[in-house]
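If you read the protein sequences in the order shown, they are chains B and U.
Numbering that gives the first Met the number 0 puts the first residue of the first sequence at 0, with every later residue one more than the last.
Numbering that gives the first Met the number 0 puts the first residue of the second sequence at 0, with every later residue one more than the last.
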Amino acid sequence: MAIFNLKKREIECKVVFYGPGRCGKTTNLEYIFGAYKKQVKGEMVSINTEGDRTLFFDFLPMGLGKIRGCDVRVQLYTVPGQVKYSSTRKLVLRGVDGMVFVADSLEVRREKNMMSLKDLQSNLKEYGKSIFKVPLVMQYNKRDLAEQGIPLMPVEQMQRDLNRQLKVPAFEGSAVKGDGVGVTLKECLKLTLQSLQREFKWAQ
Amino acid sequence: MRDSVVLAGSLNFLALGDIMQLLGANSSTGILRLISRYAADPGFIYFENGNPINAACGTTTGIEAVYELFGWTDGEFEFTKENILTQRVITKSRMGIILEGLKMVDDGQVKRVGPGAVSRKQIATGSTDATPIVKGPMVDYMYVADEEDFFDGEYIVEEGKHGSWIWVILEGVVEIVRETPEGPLPIVRLGDGSFIGSLSSFLIQGHIRTATALAVGNVQLGVLDSQRLAQEFAQLTPEFRGFLVSLDKRLKQLNERAIELRQKQLSTEGYLDNKKPVIKQGSTEEELYIIREGNSSIVRHDEIGQIPLVQLYKGDYFGNIPFLDLGHEPEFASVLANKNLKVRKVEIAKIQKEYNNLSTTFKNFIDNVSTCISVSTRVVCNYYKKYGLRK
């Protein structure tokens, strides 16, 4: 549930990048931070957790218009997957408005992807949310590695593995090069705002 | 002072990370004060336009103090709106602090301060010699009949003597000591808001003091209107009274355990033999039981071993108490018993309702007993580590 900041006349909503460790969540966010400099408000906060990083920054998407005369401010987060970081995860996932699930295309990571998705489902459930209802977008990351002859899963297989029931929009991506990062974010923001609009229909 | 408090509540319900986000969204300027019953001093965080600029927690200040306060999972907070004159020493962004703070708590770099916290980390890291201090919530002056001052080292009550007065500590620290053949053994220290005197003061049989209370530094005490408290006690249902007496017994037994450990007289005999767990430590038992026949024991399982805490008999209560945190079963200790144990389920909703209807002072008094139980358990664990069982 987004927060209305009455003083600043802003609606703050939260988009969280989720996925197995080392799948490129941080790279995604770093690319966004660099490529959309104009829209980024404030600094990037990076917290080093063991073998993983939590990232956070404010993002002001332009050209998305206003809802009821309020600017929309998006906060982008990544969240460390390890079980022990429950306090951080709780804070980040509470009140989440939209999610991007970053999946690793490497063949060897197949199981990790599925476990992480399952983990996401149970985590969301803990905070009273259903994975089927939260605006969610998938990104099949690291597609560029195919050029180097590293075995990747075909997109069809990943769709079957991860997206058979969810049926959410999915994109191929290469966060290192920045391919697919923009579309993923855009689609996620679109879904998030649509769902916010729906929620706030009573206000119309 | 108090009328400028604009936001107050329990850390249990709204954690520091959430409060900071709330104050941030509101661009508030003022002082956030945190009080924990498990810490000697309150913590302060100074906010300017929603951003923390300075903080203090005990002797630490600045950003380190903020991180330390993230470990306070149980306590109260109040935010007062006022202009801030302290210098800005924290420059890190609000969200950065929150994420870093929570990470440090999860990593164990910041000590958790709250009931049961011992069983998680402190045994391994905390200094085991220091006597922990128990504090209470703000004093309700309605029940304070008179004020008394004691100077450093003066006895307030003496073990074995008669007396039924109950005091609340207005300011200062009081040490509770038990007499042993090896000399006085410190059990616990009480700070502002704590009570001196036990529930047995309300009972007709015997007003014999079970421990000595000693002033550490100058102490100001409030004498409570014990007549009024005793009256309130008498009007409770027999079941609730029994429940309170059972709590009091737990506390006394824990002190006995500390003494036994000090004399190297404690063994697991009678606690573990032929007994099977009725409630396992860490389980999510939701009922409260009263013992009709037989006995049971409460034991904490820890990395250093199984620590016998309390023996329960007929009429004693065990199980989940939703409104008090003893740091015992079901989360932090097991209940063991043999086949002879017969219990009856207690209607917990009724007990809770009765608790909620109590006067503030009486409620504080019971909360204090429960905090003392949780802290005394920590003392027993510390002594266990230091002295071990009887060889």
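For each residue, glycine too, the CB sits at the ideal point set by N, CA and C.
Predicted, not measured: the structure shown is a model, and the values here were computed from it.
Close-in-space but distant-in-sequence residues of the same chain around residue i (CB under 6 angstroms, 5 per side omitted)
| i | result |
| --- | --- |
| Gly100 (chain U) | Tyr66, Phe69 |
| Thr124 (chain U) | With a pLDDT of 34 at Thr124 (chain U), under the threshold of 50, the predicted position of this residue should be treated as unreliable, though the coordinate-derived value follows. Excluding sequence neighbours, Thr124 (chain U) sits near nothing in its chain. |
| Ser197 (chain U) | Asp247 |
| Ser126 (chain U) | Because the pLDDT at Ser126 (chain U) is just 41, under 50, the model does not fix this residue reliably, and the value given afterwards should be weighed accordingly. There are no such residues. |
| Val133 (chain B) | Met98 |
Whole-Å CB distance - residue i paired with residue j, under 8 angstroms assumed
| i | j | result |
| --- | --- | --- |
| Glu186 (chain B) | Val154 (chain B) | Between Val154 (chain B) and Glu186 (chain B) the Cβ distance is about 16 angstroms, and since that is not below 8 angstroms, they are no contact. |
| Leu271 (chain U) | Val298 (chain U) | 7 angstroms |
| Arg208 (chain U) | Glu147 (chain U) | Not a contact, Cβ separation roughly 16 angstroms. |
| Pro329 (chain U) | Asn319 (chain U) | 6 angstroms |
| Gly135 (chain U) | Ser193 (chain U) | 5 angstroms |
| Leu105 (chain B) | Tyr17 (chain B) | Rounded, the Cβ-Cβ distance is 18 angstroms, inconsistent with contact. |
| Ala102 (chain B) | Asn47 (chain B) | Incorrect: roughly 23 angstroms between the Cβ atoms, too far for contact. |
| Ala257 (chain U) | Val378 (chain U) | 6 angstroms |
| Arg170 (chain U) | Val218 (chain U) | Inspection of the sequence shows that residue 170 (chain U) is occupied by Glu rather than by Arg. Yes, they are in contact, since the Cβ atoms of Glu170 (chain U) and Val218 (chain U) sit about 7 angstroms apart, within 8 angstroms. |
| Val104 (chain U) | Ser86 (chain B) | 5 angstroms |
| Gln74 (chain B) | Phe55 (chain B) | 7 angstroms |
Among the options, the one whose alpha carbon lies nearest that of residue i
| i | options | result |
| --- | --- | --- |
| Met98 (chain B) | B:Phe199, B:Cys12, B:Phe3 | B:Cys12 |
| Val4 (chain U) | U:Thr28, U:Asn11, U:Ala14 | U:Thr28 |
| Val167 (chain U) | U:Leu202, U:Ile96, U:Phe317, U:Tyr140 | U:Tyr140 |
| Glu255 (chain U) | U:Leu184, U:Arg240, U:Ile289 | U:Leu184 |
| Leu417 (chain U) | U:Gly74, U:Glu302, U:Lys248, U:Lys263 | The requested residue 417 (chain U) is not part of the displayed model; chain U covers only 0 to 390. |
| Lys160 (chain U) | U:Ala212, U:Gly152, U:Val133 | U:Ala212 |
| Leu13 (chain U) | U:Asp73, U:Ser197, U:Ile83, U:Ile165 | U:Asp73 |
| Gly304 (chain U) | U:Lys338, U:Tyr383, U:Leu98, U:Ala54 | U:Tyr383 |
| Arg108 (chain B) | B:Met157, B:Leu119, B:Tyr76, B:Pro79 | B:Met157 |
| Tyr312 (chain U) | U:Pro321, U:Arg291, U:Leu323, U:Val176 | U:Arg291 |
| Val143 (chain U) | U:Pro321, U:Thr360, U:Val379, U:Gly293 | U:Thr360 |
| Tyr45 (chain U) | U:Ala257, U:Ala38, U:Tyr37, U:Ala54 | U:Ala54 |
| Tyr288 (chain U) | U:Gly314, U:Glu174, U:Ile62 | U:Gly314 |
| Gly23 (chain B) | B:Met113, B:Phe100, B:Asp96, B:Ile10 | B:Phe100 |
| Tyr154 (chain U) | U:Gln226, U:Glu174, U:Thr90 | U:Glu174 |
| Gly293 (chain U) | U:Leu189, U:Ala336, U:Gly221 | U:Ala336 |
| Tyr37 (chain U) | U:Phe43, U:Arg111, U:Tyr386 | U:Arg111 |
| Gly61 (chain U) | U:Thr90, U:Pro321, U:Ala7, U:Glu268 | U:Thr90 |
| Val88 (chain U) | U:Ala64, U:Lys80, U:Ile350, U:Asp366 | U:Ala64 |
| Gln234 (chain U) | U:Asn356, U:Asp106, U:Glu181, U:Thr370 | U:Asn356 |
| Asp96 (chain B) | B:Val15, B:Thr25, B:Phe55 | B:Val15 |
| Glu125 (chain B) | B:Thr25, B:Lys89, B:Thr26 | B:Lys89 |
| Gly190 (chain U) | U:Gly182, U:Val133, U:Gly57 | U:Val133 |
| Phe331 (chain U) | U:Lys349, U:Val374, U:Lys344 | U:Val374 |
| Gly95 (chain U) | B:Gly127, B:Thr26, B:Leu92, B:Gly41 | B:Gly41 |
Neighbouring residues, chain U, relative to residue i (Cβ below 8 angstroms)
| i | result |
| --- | --- |
| Ser85 (chain B) | Asp105 |
| Ile10 (chain B) | Within chain U, no residue comes near Ile10 (chain B); the closest Cβ sits about 11 angstroms away, beyond 8 angstroms. |
Beta-carbon contacts of residue i that lie in its chain and below 7 angstroms, excluding the five residues immediately before and after
| i | result |
| --- | --- |
| Glu259 (chain U) | Leu265 |
| His300 (chain U) | Gln280, Ser333 |
| Gly177 (chain B) | Tyr30, Ala34 |
| Met137 (chain U) | Gly192 |
| Pro41 (chain U) | Arg32, Leu33, Ile34 |
| Trp164 (chain U) | Gly196, Val222, Ser225 |
| Lys117 (chain B) | none |
| Ala229 (chain U) | Phe201 |
| Leu243 (chain U) | Leu198, Ile365 |
Proximal chain B residues relative to residue i, where beta-carbon distance stays under 7 angstroms
| i | result |
| --- | --- |
| Ala26 (chain U) | Reading the sequence as shown, one finds Ser at residue 26 (chain U) and not Ala. Near Ser26 (chain U) (Cβ distances below 7 angstroms), the residues of chain B are Lys6. |
Chain-ordered neighbours of residue i on chain U, where CB pairs are closer than 9 angstroms
| i | result |
| --- | --- |
| Leu90 (chain B) | Ala14, Gly16, Asp17, Gln20, Ile97, Leu98, Leu101 |
| Phe16 (chain B) | In chain order: nothing, as chain U lies at least about 14 angstroms away. |
| Phe199 (chain B) | Those within 9 angstroms of Phe199 (chain B) in chain U number zero; the least Cβ separation is about 18 angstroms. |
Partner residues on chain D for residue i, Cβ-Cβ distance less than 8 angstroms
| i | result |
| --- | --- |
| Ile46 (chain B) | Although the question refers to chain D, the structure presented lacks it and instead comprises the protein chains B and U. |
Amino acids of chain U, ordered along the chain, whose beta-carbon sits closer than 7 angstroms to that of residue i
| i | result |
| --- | --- |
| Glu42 (chain B) | Ser92 |
| Ile2 (chain B) | Ala24 |
| Phe55 (chain B) | Met94, Leu98 |
Sequence-distant residues of the same chain with beta carbon closer than 8 angstroms to residue i, five excluded per side
| i | result |
| --- | --- |
| Ile372 (chain U) | Leu246, Arg249, Leu250, Leu253, Leu325, Gly326, His327 |
| Arg93 (chain U) | Met19, Gln20, Gly23, Gly49, Asn50, Pro51 |
| Asp143 (chain B) | Ser173, Val175, Lys176, Asp178 |
| Leu151 (chain B) | Ser104, Leu105, Glu106, Lys141, Arg142, Leu144, Ala145 |
| Phe322 (chain U) | Gln351, Tyr354, Asn355 |
| Thr191 (chain B) | Cys12, Val14, Val73, Asp96, Gly97, Pro134 |
- Contact list for the region 93–105 of chain U against chain B, Cβ threshold 8 angstroms: When CB distances to chain B are screened at a threshold of 8 angstroms, the residues of the region 93–105 of chain U falling below it are Met94, Gly95, Ile97, Leu98, Glu99, Leu101, Lys102, Val104, Asp105, in chain order.
- Message: Output needed in chain order: residues of the region 5–18 of chain U with a Cβ under 7 angstroms from some Cβ in chain B.
- Response: Of all residues in the region 5–18 of chain U, only Gly16 come within less than 7 angstroms of chain B when Cβ atoms are compared, listed by chain position.
- Item | Contacting positions in the region 21–36 of chain B - beta carbon closer than 9 angstroms to chain U | When CB distances to chain U are screened at a threshold of 9 angstroms, not a single residue of the region 21–36 of chain B falls below it.
- Item | Near-chain U residues of the region 101–132 of chain B - C-beta to any C-beta below 9 angstroms | Under the 9 angstroms Cβ criterion, the region 101–132 of chain B contributes no residue.
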